[in-house]
Amino acid sequence: MITSAKSKEMYEVGKSEYLWAKKSMPVLNRLVHRFVSKRYLENLKLGICLHITKETSVLLMALKEAGAKVTLCPANPLSIQEPVKFFLINNDIRIFAKKKDTLRDFYRNMESVLDTKPHMITDDGGELHKRALRRKFKIIGGTEETTSGVNRLEVWGKEGLLLYPIIAVNRSRTKYLFDNKYGTGQSTIEGILKTTGILLSSKRIVVCGYGWVGKGVARCAMGMGAKVTITEVNTLRALEAYFDGFEVKPLDEILSNADLFITCTGQVNVIGQDQIEKIKEGAILCNAGHFDVEIDVNYLNSVDPNHFSPRMNVTCYRVGESKKKIYLLARGRVINLVGAEGNSPEVMSISFANQFLSIIYLSQFHEKLENKIYKTPKKIERKIMLTALDSFGVKIDSLTPEQNNYCKT
Ligand SMILES: NC(=O)c1ccc[n+]([C@@H]2O[C@H](COP(=O)([O-])OP(=O)(O)OC[C@H]3O[C@@H](n4cnc5c(N)ncnc54)[C@H](O)[C@@H]3O)[C@@H](O)[C@H]2O)c1
1 MITSAKSKEM YEVGKSEYLW AKKSMPVLNR LVHRFVSKRY LENLKLGICL HITKETSVLL
61 MALKEAGAKV TLCPANPLSI QEPVKFFLIN NDIRIFAKKK DTLRDFYRNM ESVLDTKPHM
121 ITDDGGELHK RALRRKFKII GGTEETTSGV NRLEVWGKEG LLLYPIIAVN RSRTKYLFDN
181 KYGTGQSTIE GILKTTGILL SSKRIVVCGY GWVGKGVARC AMGMGAKVTI TEVNTLRALE
241 AYFDGFEVKP LDEILSNADL FITCTGQVNV IGQDQIEKIK EGAILCNAGH FDVEIDVNYL
301 NSVDPNHFSP RMNVTCYRVG ESKKKIYLLA RGRVINLVGA EGNSPEVMSI SFANQFLSII
361 YLSQFHEKLE NKIYKTPKKI ERKIMLTALD SFGVKIDSLT PEQNNYCKT
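Numbering (full-length UniProt numbering) for the sequence shown: 1 to 409.
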């Protein structure tokens, strides 16, 4: 594969990206170091659908080191870091993803991963699981990385459709409390700034959804001086946003007044035709949720078939009789991965430690598990917490015997 000076250069860039991420992923590195020599994954084929980023390359190389044969397809067609992909391919990781893949190719790549008959499935969004559940060959277990994927799997579980045990990595506190909140919070703002270059200070920003991602995004935007309004459908989360110091309003009441909208809900058509028609001239729309369904991109495409791109990852639509301009970022796909590099290595170190240990756990205990969704085992979570604190140099107290007894009285 490395046949020319250009390909050699591409490989070196991918390798540097891998090494750069690896040096900031201490939690994963330490756990890998402890487990890898045991070769728990020897002769196991893993079918994986994740964002192809430098942080993912560290996880995949670790799985390979533990003995697995890894096949990968991307979880998003626009988030592929090409040099990283090239580096992985040249390290015996089979990847189904070409540079100019259409949406059809994107889904076909998932089928190609399944054609290799993997023993285990690791997914980000549930699309690979959905297809794996239609196949006839034996799968011994799976993991799922994100909220939207876990939500879908839970529905399929209730309908009795699951054919193998699945560890919902996103349900691990050591995943969503850090990755969704601090990781995606920062990288979403980074994606918006890299894509638009706008000043956040003084802007009126609407964050739709005050879940783990919304909390992180709102916090970062507020920290940079923006006036942040939260929209919610959940009473508790709305109250939490209010007590965290944010203005909370129904979306309809803030549409004509905001400069930037960020959807973080995992829901469909949060900003649909009715909302888009009321949004003010010049407003920017973007999404941090997993799927490109939160903003009605189909409506935008139909209302202005002659839309144009004033700069990379920005599309300008002229809407309504006044032809007001509305700007959509990253075609409504995850702005933190399309406009920036996704979540930072420090945070992915913890998320992927969950993935790594869950995959090893499944390889060892799948026969004892039912075909349902499991949380990451408590022992694994504890191991990750202790390793994380230690690797960040954080020490904590423990209860004295007197305090321990006091709790029991
Ligand atoms: N971009 C990334 O890197 C990244 C990382 C983690 C999660 N995600 C994705 O982000 C999305 C949100 O994840 P999360 O962990 O915050 O989920 P969550 O369930 O914690 O939060 C979603 C929130 O949105 C609210 N909501 C639902 N419909 C709404 C609507 N119509 N209007 C306003 N609020 C609404 C819910 O009440 C909930 O509080 C999911 O799609 C998840 O898969 C993306």
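Note that the Cβ used here is the ideal one computed from N, Cα and C, for glycine as well.
Check: Arg134 CB to nearest heavy atom of ligand 1 below 8 Å; Outcome: no
Check: Unbroken stretches of the beta strand (DSSP E), 3 residues or longer, contained in the segment 226-260; Outcome: 227-231
Check: Residues that DSSP places opposite Ile167 in a beta bridge; Outcome: Thr143, Tyr374
Check: Inter-residue spacing [alpha-carbon to alpha-carbon] between Val70 and Leu300; Outcome: 39 Å
Check: Neighbour-count burial assignment, Asp123, 16 or more Cβ in a 10 Å radius; Outcome: buried
Check: At least 3 beta-carbon pairs within less than 8 Å: the segment 151-159 vs the segment 312-327; Outcome: no
Check: Proximal residues to Gly141 (C-beta, below 6 Å), its chain only, five neighbours per side dropped; Outcome: Met120, Tyr164, Pro165, Leu362, His366
Check: Which listed residue (Asn306, Glu277, Ile271) has its alpha carbon closest to that of Val293; Outcome: Ile271
Check: Candidates Leu357, Asn404, Val228, of which the one nearest Lys38 by Cα; Outcome: Leu357
Check: Identity of the residues DSSP links to Val84 by a beta bridge; Outcome: Val84 pairs with nothing; no bridge assigned.
Check: Helix, strand or coil at Thr3 [DSSP, three-state]; Outcome: coil
Check: Cβ-based burial, Arg115 [other Cβ within 10 Å; buried from 16]; Outcome: Contrary to the premise, residue 115 reads as Asp rather than Arg in this sequence. Label assigned to Asp115: exposed.
Check: Euclidean distance between Cα positions of Pro83 and Asn354; Outcome: 26 Å
Check: Distance cut-off 8 Å: Glu154 Cβ against heavy atoms of ligand 1; Outcome: no
Check: Proximity test, Tyr176 beta-carbon vs ligand 1 heavy atom, cut-off 8 Å; Outcome: yes
Check: Presumed contact (8 Å Cβ cut-off) between Tyr40 and Ile167, rounded CB distance; Outcome: Not a contact, Cβ separation roughly 15 Å.
Check: Whole-angstrom C-beta distance between Gly125 and Phe352, which should lie under 8 Å; Outcome: No, Phe352 and Gly125 are not in contact; Cβ-Cβ is about 16 Å, not under 8 Å.
Check: Strand pairing of Met120, partner residues [DSSP]; Outcome: Leu46, Gly141
Check: Val206, DSSP secondary structure in three states; Outcome: strand
Check: Helix, strand or coil at residue 415 according to DSSP, with G and I counted as helix; Outcome: Shown here, the chain extends from 1 to 409; a query on residue 415 therefore has no answer.
Check: Local conformation of Ser309 per DSSP, three classes; Outcome: strand
Check: Whole-angstrom C-beta distance between Val228 and Phe246, which should lie under 8 Å; Outcome: 5 Å
Check: Through-space distance from Asn91 to Leu193, alpha-carbon basis; Outcome: 34 Å
Check: Boundaries (first-last residue) of the alpha helix (DSSP H) holding Val32; Outcome: 26-35
Check: Heavy atom of ligand 1 within 8 Å of Arg331 beta-carbon; Outcome: no
Check: Proximity to Leu78 [Cα-Cα], best of Leu251, Gly339, Cys407; Outcome: Gly339
Check: Alpha carbon of Asn43 to alpha carbon of Asn306, nearest angstrom; Outcome: 52 Å
Check: Own chain, CB closer than 6 Å to Thr400, minus 5 neighbours either side, in chain order; Outcome: none
Check: Near ligand 1: Val270 beta-carbon under 8 Å from a heavy atom; Outcome: yes
Check: Nearest-angstrom beta carbon gap, Ile360 and Phe35 [assumed within contact, 8 Å]; Outcome: 6 Å
Check: Contact test: Ala288 Cβ vs ligand 1 heavy atom, cutoff 8 Å; Outcome: yes
Check: For Tyr40, three-class secondary structure by DSSP; Outcome: coil
Check: Cα-Cα separation between Gly225 and Ile254, rounded to whole angstroms; Outcome: 18 Å
Check: The segment 17-26 in contact with the segment 51-59 per 3-pair CB rule at 8 Å; Outcome: yes
Check: Of the listed residues Glu381, Leu200, Leu46, nearest to Met222 (C-alpha basis); Outcome: Leu200
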